[in-house]
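One structure below.
Protein chains in written order, with the numbering used here: chain A, 4 to 398; chain B, 2 to 237.
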């Protein structure tokens, strides 16, 4: 008998089963849509993490002063050097921006709190930081900018003055008042907390390290300098994003577990239906055999019925899933603030990413899994005695 | 067309395992059934009627001996060959109708023709013809759940007969029907037997059916105890 006819019979059977079929199809389609939706969120989160790191921190790559180690704040005070000629040229062409970094302390409400001081060019546009807010009309006032987390923790707000203490290049402690000009909310948690941005020239003056920087951030569309000098080490995006990519990789593993659980729930519905069907439709199976369908084709018929649940689930899931996913992609989701407390750079609004591979891969996976799961109980038909089946008996 | 007997059994034995021993359902059955016969396997419950019908229908295989149907030894057929024999040459009618519940009346009757790979126009023509035989053309779109017992069994008769098989095996076809419906069904089957020379083999202990038979084979404890020709006395 032709495959087409079996497919036609299978379709007739599942459509004829009415509500039972549609309930299964709905459960499976919900799992299907949820898998794509959840994976889209994870994909969106991953992309947002990488984008945010590039946008706020990494730029198109960085030159580090040779001893600079972002994981060792104790090195910050010593990790600065004059810009080499190629780097100075990049900076003057606005293809790069220097950053001077040191550690210090602020004294909000009379309590000391350690901060990392970042000196940046107020006019820079390479990193998406509102450094233009560091400009003020009073040359005697040092402008400062802090992150929203720091503001919450210290109680500091715009217009407040706070004492900042640091140690200059000669090892001498010094202090000054800084006026908070702006509070910035960033999606990179490391930057949102425990940092203060100052105009680079002010910080250079404070540290007595004129024309020096700890690192130079390259613009995203700029070409790195071929030779930046011995004091400077080029760190490309692969290097700078390694931690984030490791985090993405780790999150992907856990998202696969969620993916599998959701798929399993859908498959369980199909498996359950198939097992029940073999049990409840014994008489029908016996009749089909008596009418001239051989057992192998009865098994195929039941397997196809299961597989068609998958096909219908994809059609039904597409009918309501595409609008839902399209809207969620266009509008995005507000990310709870607690997410940034978990140490992940996340935007305030997260836009899911539904790639072709995600949709096609999930579709294919659902179809294959449903077919395999359907074939398992269907294979029991081979052991069914048709004379017993005709009477609705098990054995 | 087959020459000679359509169905022949030779020393047919069927035993079922029961505990550590076995139960003999059929013992040394030797029968010869010709084309166009209208015969019944008669006997009390447990006498082996249905078992014999299943062996002839290639739904079960004998413990020993053989059943030759249309020249084919059913115990030598594999699943696929047995299915082809049933699909091409045999029709089944069951006590509980066994209609496919999600199909309409039309689709139930059409099913055997689909298995034969018949084209759509021919199928439609044959299905409507079969529904006319049983007087159910107006129920073509109904589902089995919407039919009475008598109507359901008439659909089963139409399904068994639609492909004009050589043999129809009917297992207690009137057991769930009232007298009027039983006679209606039996008259229809007798007419089809007469018109198409289809061989009808009944397994029954219903006296109403027995009155229509032209040959009565009585079974008791798995053995043939009587095999007689008789003049049918159908209800007028």
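Every residue gets a Cβ at the ideal spot worked out from N, C-alpha and C, and that includes glycine.
Counting every other CB atom within 10 Å of its CB across the protein chains shown gives residue 386/A a total below 16, marking it as exposed. DSSP links residue 200/A through a beta bridge to 121/A and 148/A.
For residue 92/B, the enclosing beta strand (DSSP E) stretches over residues 91-94. The three-state reading of DSSP puts residue 207/B in coil, since its state is none of H, G, I, E or B. Taking the Cα positions, residue 261/A is about 43 Å away from residue 105/B. Within the same chain, 145 come within 6 Å of residue 205/A by CB-CB distance, once the 5 residues on both sides are set aside. Assignment of residue 189/B by DSSP, reduced to helix, strand and coil, places it in the helix class. Contact of residue 80/B with chain A by beta-carbon distance below 8 Å involves 297, 298 and 299.
Looking at the backbone, the Cα of residue 353/A and that of residue 336/A are separated by about 5 Å. In its chain, beyond the 5 residues on either side, 110, 131, 132 and 135 have a beta carbon closer than 6 Å to the beta carbon of residue 159/B.
Under the Cβ criterion (8 Å, minimum of three pairs), the stretch 37-46 of chain B does not count as touching the stretch 267-274 of chain A. Shown here for residue 35/B: same chain residues with a beta carbon closer than 7 Å to its own, the five before and five after excluded, namely 6 and 7 in chain order. Shown here, residue 171/B sits in a strand according to DSSP, grouped into three states. Going by beta carbons, residue 74/A and residue 237/A fall outside the 8 Å limit. Assignment of beta-bridge partners to residue 336/A by DSSP yields 353/A. Using a Cβ-Cβ cut-off of 8 Å, residue 15/A is close to 103, 104 and 108 of chain B, given in chain order.
If you draw a 10 Å sphere on the C-beta of residue 15/B, you find 16 or more other C-beta atoms in it, and that means buried. Between the alpha carbons of residue 121/B and residue 163/B lies a distance of about 14 Å.
Assigned with DSSP and collapsed to three states, residue 159/A falls in coil, not helix or strand. A straight line joining the alpha-carbon of residue 108/B with that of residue 116/B spans about 12 Å.
Within the stretch 322-339 of chain A, contact with chain B at the beta-carbon level (separation under 7 Å) is assigned to no residue. Put simply, the CB of residue 40/B is far from chain A, with every gap to its CB atoms at 8 Å or more. Inter-segment contact for the stretch 310-326 of chain A and the stretch 24-44 of chain A is present: three or more beta-carbon pairs are separated by less than 8 Å. In this structure, the CA atom of residue 123/B is about 13 Å from the CA atom of residue 113/B. Contact check for residue 54/B against residue 30/B fails: the beta carbons are separated by 8 Å or more. Here the stretch 145-161 of chain B makes contact with the stretch 178-194 of chain B; the two share three or more CB pairs at distances below 8 Å. No Cβ of chain B is located within less than 8 Å of the beta carbon of residue 7/A. Per the coordinates, the alpha-carbon of residue 46/B lies some 58 Å from the alpha-carbon of residue 324/A. In chain order, 87, 91, 93 and 170 place their CB closer than 7 Å to the CB of residue 58/B, counting only its own chain and leaving out the 5 sequence neighbours on each side. The beta carbon of residue 10/A does not come within 8 Å of any beta carbon belonging to chain B, so the residue lies off that interface. Bridge pairing for residue 103/A: 122/A [DSSP]. Close CB contacts of residue 23/B within its chain, under the 6 Å cut and outside five residues either way in sequence, are with 16 (chain order). Between residue 61/B and chain A, the shortest Cβ-Cβ separation is below 8 Å. Under the three-state reduction of DSSP, residue 78/B is assigned to coil, being neither helix nor strand. Burial check for residue 259/A: the Cβ neighbour count within 10 Å stays below 16, so the residue is exposed. Taking 7 Å as the Cβ-Cβ cut-off, the stretch 41-52 of chain B has no residue approaching chain A.
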